[in-house]
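In terms of the numbering used here, the sequence shown is residues 93 to 272.
Below is one structure; the comments refer to it alone.
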Amino acid sequence: MEAEARRRRRQRTNHPAPSSSNAGSATVMPQLDDHRVGGEDGAQASASLLQHGLDWAEKLLVSQTRITSCGTREDFDGFLRDARGAVVVAQFTAPWCKACDAVNALTVDLARRHGRDVAFAKVDAGETGPGLCRDLGVKKLPWFQIYSPEGELLVSVHASRRNQKLIPRQVDQLKVLLLA
Numbered sequence: 093m094e095a096e097a098r099r100r101r102r103q104r105t106n107h108p109a110p111s112s113s114n115a116g117s118a119t120v121m122p123q124l125d126d127h128r129v130g131g132e133d134g135a136q137a138s139a140s141l142l143q144h145g146l147d148w149a150e151k152l153l154v155s156q157t158r159i160t161s162c163g164t165r166e167d168f169d170g171f172l173r174d175a176r177g178a179v180v181v182a183q184f185t186a187p188w189c190k191a192c193d194a195v196n197a198l199t200v201d202l203a204r205r206h207g208r209d210v211a212f213a214k215v216d217a218g219e220t221g222p223g224l225c226r227d228l229g230v231k232k233l234p235w236f237q238i239y240s241p242e243g244e245l246l247v248s249v250h251a252s253r254r255n256q257k258l259i260p261r262q263v264d265q266l267k268v269l270l271l272a
């Protein structure tokens, strides 16, 4: 009877292996089977697994909302070139920036509402280094820039709590004015 209960528990915790059609895809959740560790190591393992899951979920959300991640100056310049003809919203962020985490939801919401008409970029200032931010006038994080369909910088603003309410309105207004 005890063996049967153990077998059922094992079946509940086993996840199917990824199929060949989605192997290597960014949307495949990592396998978390049999991470039963106790004590302090268990807490660290749990925290690590949780962070890994959160990172995966953010990548999935970004991929489904058409937000382009830019890790280099070349990535960002290429994104701006490819986005000609659309209003562009660029969010400058960094993994260590706590305020940036709160602003990510704003970017995802904007991308959901405007994803077909507005191009979105998430620029990792931690990867690009201070040079790109300095060149573009980004003074602190999180920062937003909005570009016209011709590539002209229209808005460059720190995403303070007050400005977080203004950014969606600016995107709405610019979309109506520039894409009408």
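A virtual CB, placed ideally from N, CA and C, is assigned to each residue, including glycine.
My output table needs one value for residue i: the three-state DSSP class, helix, strand or coil.
| i | result |
| --- | --- |
| residue 260 | helix |
| residue 214 | strand |
| residue 172 | helix |
| residue 233 | coil |
| residue 161 | strand |
| residue 124 | In this prediction, residue 124 scores a pLDDT of 47, lower than 50, which makes its location untrustworthy; the coordinate-derived value is nonetheless stated afterwards. DSSP places residue 124 in coil when its eight states are reduced to three. |
| residue 116 | Confidence at residue 116 is low in this model, with a pLDDT of 40, below 50, so its placement is unreliable and the value that follows should be read with caution. Reduced to three states, the DSSP call for residue 116 is coil. |
Is it right to say residue i is buried, meaning 16 or more other beta carbons lie within 10 angstroms of its own, or is it exposed?
| i | result |
| --- | --- |
| residue 114 | Residue confidence is low: residue 114 scores 39 on pLDDT, short of 50, so the model does not pin down where it sits. Its coordinate-derived value is still stated next. Under this definition residue 114 is an exposed residue. |
| residue 224 | buried |
| residue 265 | exposed |
| residue 214 | buried |
| residue 135 | exposed |
| residue 268 | exposed |
So the beta strand (DSSP E) residue i belongs to, where does it begin and stop?
| i | result |
| --- | --- |
| residue 182 | 179-185 |
| residue 248 | 245-250 |
Assuming residue i contacts residue j (C-beta within less than 8 Å), just tell me the rounded distance between them.
| i | j | result |
| --- | --- | --- |
| residue 181 | residue 256 | With 8 Å as the limit, residue 181 and residue 256 do not qualify as a contact, their Cβ atoms being about 13 Å apart. |
| residue 248 | residue 237 | 5 Å |
Over what stretch of residues does the alpha helix (DSSP H) that includes residue i continue unbroken?
| i | result |
| --- | --- |
| residue 199 | 190-206 |
| residue 223 | 222-228 |
Does the stretch 230-245 come within contact of the stretch 171-189, defined as at least 3 CB pairs closer than 8 Å? yes
Using 8 Å as the Cβ pair cut-off and three pairs as the minimum, do the stretch 134-143 and the stretch 216-235 touch? no
Under 8 Å: do the stretch 165-174 and the stretch 198-206 share three or more Cβ pairs, one atom per stretch? no
Taking contact to mean 3 or more Cβ pairs, one atom from each stretch, closer than 8 Å, check whether the stretch 156-167 and the stretch 211-224 are in contact. yes
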